[in-house]
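**Student:** Using the numbering used here, you'd call the opening residue of the sequence shown number 1 and step up by one each time.
In this text, a Cβ means the ideal position worked out from N, Cα and C, and glycines have one as well.
This is the structure I want to talk about, given as structure tokens.
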Amino acid sequence: MPGANPDIIARREEIAAALAALCPAAVVITAPEELRPFETDGLTAYRQPPLLTILPSTTEEVSAILAYCNDEAIPVVPRGAGTSLSGGALPAADAVLLGMARFDRILKIDLDNRAAIVQPGVTNLAITRMVEAEGFHYAPDPSSQIACTIGGNVAENAGGVHCLKYGLTTNNILGLEMVLMDGSVIRLGGMHLDSESHDILGLMIGSEGLMGVVTQVTVRLTPTPASARAVLAGFDSAQAAGECVAGVISAGIIPAGMEMMDGPAIRAAEDFVHAGYPLDVEALLIIEVDGPQVEVDDLVTRVSKIAKDCGAVSIRASRSDEERLAFWAGRKAAFPAVGRISPDYYCMDGTIPRNRLTDVLGGIAQLSQKYGLACANVFHAGDGNLHPLILYDANRPGELKRAEDFGADILRLCVRSGGVLTGEHGVGVEKRDLMPEMFNDTDLAVQMRLKCALDPGRLLNPGKVFPQLKGCGEVSGFSVRDIEKQFPGLPRF
Numbered sequence: 001m002p003g004a005n006p007d008i009i010a011r012r013e014e015i016a017a018a019l020a021a022l023c024p025a026a027v028v029i030t031a032p033e034e035l036r037p038f039e040t041d042g043l044t045a046y047r048q049p050p051l052l053t054i055l056p057s058t059t060e061e062v063s064a065i066l067a068y069c070n071d072e073a074i075p076v077v078p079r080g081a082g083t084s085l086s087g088g089a090l091p092a093a094d095a096v097l098l099g100m101a102r103f104d105r106i107l108k109i110d111l112d113n114r115a116a117i118v119q120p121g122v123t124n125l126a127i128t129r130m131v132e133a134e135g136f137h138y139a140p141d142p143s144s145q146i147a148c149t150i151g152g153n154v155a156e157n158a159g160g161v162h163c164l165k166y167g168l169t170t171n172n173i174l175g176l177e178m179v180l181m182d183g184s185v186i187r188l189g190g191m192h193l194d195s196e197s198h199d200i201l202g203l204m205i206g207s208e209g210l211m212g213v214v215t216q217v218t219v220r221l222t223p224t225p226a227s228a229r230a231v232l233a234g235f236d237s238a239q240a241a242g243e244c245v246a247g248v249i250s251a252g253i254i255p256a257g258m259e260m261m262d263g264p265a266i267r268a269a270e271d272f273v274h275a276g277y278p279l280d281v282e283a284l285l286i287i288e289v290d291g292p293q294v295e296v297d298d299l300v301t302r303v304s305k306i307a308k309d310c311g312a313v314s315i316r317a318s319r320s321d322e323e324r325l326a327f328w329a330g331r332k333a334a335f336p337a338v339g340r341i342s343p344d345y346y347c348m349d350g351t352i353p354r355n356r357l358t359d360v361l362g363g364i365a366q367l368s369q370k371y372g373l374a375c376a377n378v379f380h381a382g383d384g385n386l387h388p389l390i391l392y393d394a395n396r397p398g399e400l401k402r403a404e405d406f407g408a409d410i411l412r413l414c415v416r417s418g419g420v421l422t423g424e425h426g427v428g429v430e431k432r433d434l435m436p437e438m439f440n441d442t443d444l445a446v447q448m449r450l451k452c453a454l455d456p457g458r459l460l461n462p463g464k465v466f467p468q469l470k471g472c473g474e475v476s477g478f479s480v481r482d483i484e485k486q487f488p489g490l491p492r493f
């Protein structure tokens, strides 16, 4: 993280008073003990209390806060529910933490247009709960969906177990209202399906709070399938399970979800949830298909045959919706389940081509031996998004550092295998210094020019994503005026 500015820290009370006067309805928190809940996100190895926390509840308040901080050159860190696993919401000692938890209303449900307008503090699962009785749902479903908010999903481009068929957050967002660092409010997209101009909306989704603060989101609602069933297939090896993944996809079948767990993860999840997982296998696939009942039954038969041909030693198809949900309950509880068998764990996130799955899992096993740390693997097999869970004990000197080095080598392995550093958790601070493993200087300079165009003072979420965010003069040639000329789809209000 950048070095804290002592002058800003010395002005804490002055800044707090100014913000309270500017936004009297907002909650301003400065007491050290009250700031502790905001000192970390899901990457709990790193902690830093913010300068102060402010909790606004209107777009006008967010605009006023950002404009003030921009004029005073005070950094701002946006925060949703704090479930980020890459340090994306890690505060800075000289930064105002802008908490969006009070933006918690569903503003409009428009089933005719299959869309809803929600505030960023609405939880992911709450959207589905609101429309499920009408036969709709919000498709992205990360494991943390009961707690994570839609604003954080937008920042990190979150996925979930059904992203193989229904896409990531970026495929399910129709519009955004955002506040830029200078206080300007912009609106991108809307109820319509596509913009006639450049895809600025796509640029903002996954921008990790570096470009602006989301204050309103228009989400796509998806009709709930008439039927869904899941196949639970156990294998003696990860290689056989990987062959099954390839076999299903090559057969032209696009499952709603296709997840894989290795032996340690299977046993931890079963002990925690009692989902009915076989305990004598080394790899487990959950393959869900959905659609009309006749089609689903046919696909279950085809998937089961492919699994058997690939050497599955255990095949079980759900016979009721309750049984199907039980299969998923174990997978979605895998992270807390692993937390029961280790004092600490480090959750990684990298993505690889499906055909390199076996090679990369073998490489992770070798790295596990090299670093002397166990690793449980849980991942979205259908799209190659890996979530290795490195087990360690932070109370043992040097183990956290070994876990971090182990994780960095896993990500390097992903990149060497034709993959990328992140699938859905984002870069944050966790992968920031690994960006040169994937991008050259020119790549990074282009990305930084976009950042500087919208935040020339480099005040939004400082220290995240870029290993060294140069002064905006050093990546000059792309200003806010330039972006307005080249991207006319960026209206200001």
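Figure out for me which residue from 115, 82 and 149 has the closest Cα to the Cα of residue 104.
**Tutor:** 149
**Student:** What does DSSP give as the partner residue(s) for residue 290 in the beta ladder?
**Tutor:** 228
**Student:** Spatial neighbours of residue 189 within its chain, please: C-beta separation below 8 angstroms, excluding the five flanking residues on both sides.
**Tutor:** 173, 174, 175, 176, 195, 201 and 218
**Student:** According to DSSP, simplified to helix, strand and coil, what is residue 203?
**Tutor:** helix
**Student:** Whose CA, out of 281, 465 and 108, lies closest to the CA of residue 119?
**Tutor:** 108
**Student:** Indicate whether residue 91 and residue 49 have their beta-carbon atoms separated by less than 8 angstroms.
**Tutor:** yes
**Student:** Going straight from the alpha carbon of residue 54 to that of residue 28, what length do you get?
**Tutor:** 4 angstroms
**Student:** If contact is defined by three or more beta carbon pairs under 8 angstroms, each pair taking one atom from either stretch, is the region 271 to 281 in contact with the region 382 to 398?
**Tutor:** no
**Student:** So for residue 476, helix, strand or coil by DSSP?
**Tutor:** At residue 476 the pLDDT is 45, less than 50, meaning the model places this residue with poor confidence and gives no usable figure here.
**Student:** Roughly how many whole angstroms lie between the Cα atoms of residue 102 and residue 23?
**Tutor:** 14 angstroms
**Student:** Nearest to residue 499 by alpha carbon, out of 375, 427 and 206?
**Tutor:** In the structure as shown, the chain begins at 1 and stops at 493. Residue 499 is therefore absent and cannot be evaluated.
**Student:** Do residue 140 and residue 158 have their C-beta atoms closer together than 8 angstroms?
**Tutor:** yes
**Student:** Using only the alpha-carbon positions, how far apart do residue 264 and residue 165 sit?
**Tutor:** 27 angstroms
**Student:** For residue 157, which beta-bridge partners are listed by DSSP?
**Tutor:** Beta-bridge partners of residue 157 (DSSP): none assigned.
**Student:** Compare the C-alpha of residue 17 against each of 68, 5 and 34 and name the closest.
**Tutor:** 68
**Student:** Taking only three categories from DSSP, how would you classify residue 69?
**Tutor:** Assigned with DSSP and collapsed to three states, residue 69 falls in helix.
**Student:** Assuming residue 245 and residue 351 make a contact with CB atoms under 8 angstroms, what is their CB distance in whole Å?
**Tutor:** With a Cβ gap of about 14 angstroms, residue 245 and residue 351 do not count as contacting.
**Student:** CB-CB under 6 angstroms to residue 287, same chain, minus the five flanking residues each way: which ones, in chain order?
**Tutor:** 231, 255, 258 and 303
**Student:** By Cβ distance below 7 angstroms, which residues in the same chain neighbour residue 306 in space, the five residues on each side in sequence not counted?
**Tutor:** Excluding positions up to five away in sequence, the list reads 244, 247, 248 and 251.
**Student:** Considering only the alpha carbon of each residue, which of 85, 328 and 65 lies closest to residue 212?
**Tutor:** 65
**Student:** For a minimum of 3 consecutive residues, which ranges assigned as the beta strand (DSSP E) are wholly contained in the region 302 to 327?
**Tutor:** 314 to 317
**Student:** Give me the Cα-Cα distance between residue 40 and residue 89, rounded to the nearest whole angstrom.
**Tutor:** Roughly 7 angstroms separates the two Cα atoms.
**Student:** Run through DSSP, which three-state label would residue 447 get?
**Tutor:** helix
**Student:** Only counting runs of 3 or more residues, tell me where the beta strand (DSSP E) segments fall wholly within the region 345 to 413, in order along the chain.
**Tutor:** 375 to 380 and 385 to 392
**Student:** In three-state DSSP terms, what is residue 77?
**Tutor:** Secondary structure at residue 77: strand, using DSSP grouped into helix, strand and coil.
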